[in-house]
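Worksheet: the structure to be examined is printed underneath.
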């Protein structure tokens, strides 16, 4: 089953002090409508196929939480999982060029288009690649986690006609592009932080399957 992210950008007014109440500023569903497992893994360690050291994994819900966010989380009941949060003060300091800890568990598939290799897939399984790499064509015959965790060196390639398969290691910017789906979220957080301070703005999230 697929995983989706939910939550709120929360803000604490700068004049209330460190013990002030947090308010639900914007529902995340209004700003982010994607389902990028690379981003989920990079940020919060959920569906982390790319092998990033997550920025904010398994922190749980904040102790002081806005009433709206708490109510919505409770409404999800037992289907909500992996709650966490990350502050704007942390996001500002992220090295988006940092590499993942390990190579991607998915083989990156490219297609030759007008003389250039274009990424078309990072699928969990491909019979064409399995045959090319000498793996069982049926992934149920003992191959675990898609292709299985093979110790293929980073940069290993297989070519088959118009297809190129390569072992790659992602960087954070690949998972969360500067001009990508998360830009509206970061823009709102940045605007709130400009008024209330970096430490008074955070993203509180949870996931469902």
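Residue numbers (the working numbering): 588 to 796. Quick reminder that beta carbons are idealized off the backbone N, C-alpha and C, glycines included.
Identity of the residues DSSP links to residue i by a beta bridge
{"i": "residue 671", "result": "792"}
{"i": "residue 704", "result": "699"}
{"i": "residue 596", "result": "613 and 790"}
As assigned by DSSP and simplified to three states, the class of residue i
{"i": "residue 743", "result": "coil"}
{"i": "residue 684", "result": "coil"}
{"i": "residue 613", "result": "strand"}
{"i": "residue 678", "result": "helix"}
{"i": "residue 783", "result": "helix"}
{"i": "residue 591", "result": "strand"}
{"i": "residue 751", "result": "strand"}
Nearest residue (CA-CA) to residue i, options the options
{"i": "residue 668", "options": "599, 591 and 710", "result": "591"}
{"i": "residue 766", "options": "596, 694, 652 and 619", "result": "619"}
{"i": "residue 649", "options": "636, 662, 673 and 627", "result": "673"}
{"i": "residue 546", "options": "772, 694 and 698", "result": "What the structure shows of the chain is the stretch from 588 to 796, and residue 546 is not part of that stretch, so it cannot be assessed."}
{"i": "residue 625", "options": "699, 758 and 594", "result": "758"}
{"i": "residue 709", "options": "622, 697, 680 and 607", "result": "697"}
Local Cβ density within 10 Å of residue i, reported as buried at 16 or more and exposed below that
{"i": "residue 589", "result": "exposed"}
{"i": "residue 629", "result": "buried"}
{"i": "residue 722", "result": "buried"}
{"i": "residue 732", "result": "With a pLDDT of only 48 at residue 732, under the threshold of 50, the placement of this residue in the model should not be trusted; the figure read from the coordinates follows. Residue 732 should be labelled exposed."}
{"i": "residue 598", "result": "buried"}
{"i": "residue 699", "result": "exposed"}
{"i": "residue 670", "result": "buried"}
{"i": "residue 774", "result": "exposed"}
Task: Cβ pair count under 8 Å reaching 3, the region 637–650 against the region 684–694 - done: They touch, by the three-pair rule.
Open item on the list: Would you call the region 654–661 in contact with the region 600–607, where contact means no fewer than 3 C-beta pairs closer than 8 Å?
Closed with: Put simply, the region 654–661 does not touch the region 600–607. Fewer than three CB pairs are less than 8 Å apart.
- [ ] Take every Cβ of the region 772–789, pair it with every Cβ of the region 704–712, and state whether three or more of those distances are shorter than 8 Å.
- [x] The region 772–789, when compared against the region 704–712, does not touch it at the 8 Å Cβ threshold.
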